[in-house]
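Below: the structure, in structure tokens.
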Amino acid sequence: MNATFGEAGFPGRLIAVEGIDGSGKSTQVRLLRKWLERQGARVYLSEWNSSEIVKSATKRGKESNLLTPTTFSLIHATDFADRYERHLVPLLKAGYLVLCDRYVFTAFARDVVRGCPLSWVRKIYGFAHLPDLTFFFRTSLEVSLRRILDGRQKLKYFEAGMDLRLSNDIYESYRIFQGRLLEQYLAMSGEFGFRVIDANRPVEVQQSEVRKIVVDQFDLENYRMPGLSL
Amino acid sequence: MSRTAHKSKRTRSKPRRDASKEVSVPLPPPTPKRFYGHGIPGVDPASLAGKLIVVEGADGSGRSTQIARLVSWLEGEGHPIVQVGLKRSTLVSPELEQAKKGNILSRTTLSLFYATDFADQLENVILPALKAGFMVLADRYIYTLMARDLVRGMDLKWLKNLYGIALEPDAVFYLQVSPEILVQRNFMKNQALDYWESGMDLGLSRDMFESFKLYQARIIEKFQLLQKTYRFTIVNGDRSAEEINRELRARIGKILLRGKQD
Chain A
0 MNATFGEAGF PGRLIAVEGI DGSGKSTQVR LLRKWLERQG ARVYLSEWNS
50 SEIVKSATKR GKESNLLTPT TFSLIHATDF ADRYERHLVP LLKAGYLVLC
100 DRYVFTAFAR DVVRGCPLSW VRKIYGFAHL PDLTFFFRTS LEVSLRRILD
150 GRQKLKYFEA GMDLRLSNDI YESYRIFQGR LLEQYLAMSG EFGFRVIDAN
200 RPVEVQQSEV RKIVVDQFDL ENYRMPGLSL
Chain U
0 MSRTAHKSKR TRSKPRRDAS KEVSVPLPPP TPKRFYGHGI PGVDPASLAG
50 KLIVVEGADG SGRSTQIARL VSWLEGEGHP IVQVGLKRST LVSPELEQAK
100 KGNILSRTTL SLFYATDFAD QLENVILPAL KAGFMVLADR YIYTLMARDL
150 VRGMDLKWLK NLYGIALEPD AVFYLQVSPE ILVQRNFMKN QALDYWESGM
200 DLGLSRDMFE SFKLYQARII EKFQLLQKTY RFTIVNGDRS AEEINRELRA
250 RIGKILLRGK QD
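Protein chains in written order, with numbering that gives the first Met the number 0: chain A, 0 to 229; chain U, 0 to 261.
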């Protein structure tokens, strides 16, 4: 298994949040970012599938349904590599606290559920160091489905795994697909030392737990702007 | 009648090709196919009846000329052909083109971007064509991509895993041209060297002419390394187009007759 950024001697640290769609991880990581910034830490938040150059290709692929499990996997790996090499590594070398809304584990879970061999996917991401801390927001499928529907009424095609032809009913497909993702995440949890957060609880309760784990593990002093006293 | 007699006389004096002998188009015998690694989920290599022929070589190696001649020859012989090449996928080619212009992508990203482009064409063009019994002529394949990545310091084991999706071709011809001749051919074509074909992103030399020669020598080195694993046929590309084409036709002729080169 790869070393974490801390083990590899980087002055910065990487915190990843993972969970199925609707687990509330994005809300939690945004709140964590605000709080860390208020503590004076240098923070950068990187989102899955957000590299400028790759995004338009992914969008076209999804819209015209051009993606197969293999190209779905490779295009997301391309996106990750671009963010990793251009943003994450330089910022971690500069001593930032980097927050990642999804990390390699998302690919490990999704691509395997779509039928790509586990070892192939893992080796492709073999260039990446592991996070120093990974939160896994664990929800029941019903809770996550309700959150997704409350927010925007409609399920997205790929989020529901419709490309896998699990069911013609998008809600049924969503349940099966997200259930399989959840299984993959739980199988990885021990191996990668996920900090599991019970995400069926109110946002504030979870956020307090997240902050506590972060201050227990990291001395925030180390991530302040050098030469600035607060 | 005298006209007919006259015609037949002409035919005798200058022998025509006997059309009756060209009526039957031999079906190339099937040979077992395999992927280099796990391949594409759900695709059985035994279902791929057509032949996959790859021509590799740097810009200016005469690759395109050779492929054009081969296509025309093979179609004349009655074989259905589909052509593929790098950066031709519907999925990512516009972004790849844009990224290369700005030179903003780092090596792992560029490598994966090209792999996506390759996978898209493999699944949407190459495999369906082979399944339908077409002969696929590929203007470059994974070896060029691997050689470029190796020169940029990527790990061979990582690349072999990545391209475990690729189908092993029935033949791979690598047109090897010495860097000195390559430079001259590039100048004959455009009077200019290409930024990427000169490996300018590597900073080998600020002088483009020098960089081109250094970079192409390194690519040749990597091709020779890859040859040990992938066992492709190295074709001396320093010769004339006619000589090279004669050799390629002879080799492909064997595949048409016996299903494989040797």
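C-beta: ideal position from N, C-alpha, C; glycine also. All values reported here derive from a predicted model rather than from experimental measurement.
Task: Simplified DSSP assignment, three categories, for R12 (chain A) - done: strand
Open item on the list: Can you tell me which residues form a DSSP beta bridge with C99 (chain A)?
Closed with: A:A15, A:S45
TODO: Determine which residues of the segment 101 to 119 of chain A have a Cβ less than 7 Å from any Cβ of chain U, and write them out in chain order.
DONE: G114, C115, P116, W119
TODO: Would you mind telling me which residues of chain U sit closer than 9 Å to F61 (chain A), beta carbon to beta carbon, in chain order?
DONE: Inspection of the sequence shows that residue 61 (chain A) is occupied by Lys rather than by Phe. Residues of chain U passing the Cβ test: none, with the nearest at roughly 10 Å.
- [ ] For R85 (chain A), go through chain U and note every residue whose CB falls closer than 7 Å to its CB, in chain order.
- [x] S105
Open item on the list: Does the segment 22 to 33 of chain A come into contact with the segment 208 to 227 of chain A, if we say contact requires no fewer than three beta-carbon pairs (one atom in each stretch) closer than 8 Å?
Closed with: Three or more Cβ pairs closer than 8 Å define a contact, and the segment 22 to 33 of chain A meets that threshold against the segment 208 to 227 of chain A.
- [ ] Could you please give me the residues that DSSP links to E62 (chain A) through a beta bridge?
- [x] BP columns for E62 (chain A) are empty, so no partner.
Open item on the list: Please tell me whether F126 (chain A) has its Cβ less than 8 Å away from any Cβ of chain U.
Closed with: yes
Task: Within 7 Å of chain A by C-beta, residues of the segment 134 to 155 of chain U in sequence order - done: none
Task: Validate contact between the segment 32 to 42 of chain U and the segment 87 to 104 of chain U using beta carbons, cut 8 Å, 3 pairs - done: Too few Cβ pairs lie closer than 8 Å, so no.
- [ ] Let me know the secondary structure DSSP gives Y83 (chain A) once reduced to three states.
- [x] helix
- [ ] Under the assumption that A170 (chain U) contacts T232 (chain U) (Cβ atoms under 8 Å), give the Cβ distance between them as a whole number of angstroms.
- [x] 7 Å
Task: Whether S72 (chain A) touches D131 (chain A) by CB criterion (8 Å) - done: S72 (chain A) is not a Cβ neighbour of D131 (chain A), given a cutoff of 8 Å.
- [ ] Thinking T77 (chain A) and C115 (chain A) are a contact (beta carbons under 8 Å), I'd like their distance in whole angstroms, please.
- [x] Cβ-Cβ separation between T77 (chain A) and C115 (chain A): approximately 15 Å, too far for a contact (criterion under 8 Å).
Open item on the list: Taking the beta carbon of N160 (chain U) as the centre, do at least 16 other beta carbons fall within 10 Å, making it buried, or is it exposed?
Closed with: buried
- [ ] Using beta-carbon positions only, say whether L174 (chain U) and I243 (chain U) come within less than 8 Å of one another.
- [x] yes
Open item on the list: Distance cutoff 8 Å, beta carbons only. Does A15 (chain A) sit that close to anything in chain U?
Closed with: no
Task: Counted within 10 angstroms of its Cβ, other Cβ atoms place T228 (chain U) as buried (16 or more) or exposed - done: exposed
Open item on the list: Just verifying my parser: in three-state terms, what is the DSSP assignment at R37 (chain A)?
Closed with: Helix, per DSSP.
Task: chain U contact residues for V97 (chain A), given Cβ-Cβ distances below 8 Å - done: Those within 8 Å of V97 (chain A) in chain U number zero; the least Cβ separation is about 17 Å.
Open item on the list: Going by the DSSP bridge assignment, what does T3 (chain A) pair with across the sheet?
Closed with: A:L129
TODO: Kindly list the residues whose CB is nearer than 6 Å to the CB of P10 (chain A), restricted to its own chain and excluding five residues on each side of it in sequence; keep chain order.
DONE: Here the set comprises G94.
Open item on the list: Can you check which of these residues, U:S110, U:K100, U:L69, U:Q65, is closest to A80 (chain A) by C-alpha distance?
Closed with: U:S110
- [ ] Taking all protein chains shown into account, decide if M153 (chain U) is buried (16 or more other Cβ within 10 angstroms of its Cβ) or exposed.
- [x] buried
Open item on the list: Counting only Cβ-Cβ distances shorter than 8 Å, please list the residues of the segment 18 to 48 of chain U near chain A, keeping chain order.
Closed with: G36, H37, I39, P40, G41
Open item on the list: Considering Cα atoms alone, identify which of A:E203, A:Q38, A:V97, A:R200 is closest to F4 (chain A).
Closed with: A:V97
- [ ] Tell me R223 (chain A)'s beta-bridge partners as DSSP assigns them.
- [x] A:A40
Open item on the list: Between the alpha carbons of V24 (chain U) and E246 (chain U), how many angstroms are there, rounded?
Closed with: 22 Å
Open item on the list: Counting only Cβ pairs nearer than 8 Å, list the residues of chain A close to D200 (chain U).
Closed with: Result: empty, since nearest Cβ-Cβ is about 14 Å, beyond 8 Å.
TODO: Taking C-beta pairs closer than 7 Å, name the residues in chain U that K245 (chain A) reaches, listed in chain order.
DONE: Residue numbering for chain A in the displayed model covers 0 to 229; residue 245 (chain A) lies beyond these limits and cannot be assessed.
Task: Three-way DSSP call (helix, strand, coil) for T69 (chain A) in this model - done: Of the three classes helix, strand and coil, the one that applies to T69 (chain A) here is helix, per DSSP.
Open item on the list: Within a Cβ cutoff of 6 Å, which residues of the same chain sit near L154 (chain A), ignoring the five residues on either side of it in sequence?
Closed with: I169, Y173
- [ ] Determine whether the Cβ of I125 (chain U) lies closer than 8 Å to any Cβ atom of chain A.
- [x] I125 (chain U) is outside the set of residues whose beta carbon lies under 8 Å from a beta carbon in chain A.
Open item on the list: I'd like to know whether the C-beta of V214 (chain A) is nearer than 8 Å to at least one C-beta of chain U.
Closed with: no
Open item on the list: Quick check on DSSP: helix, strand or coil for R230 (chain U)?
Closed with: coil
TODO: Say whether chain A places a C-beta atom closer than 8 Å to the C-beta of A114 (chain U).
DONE: It does; some Cβ of chain A falls within 8 Å.
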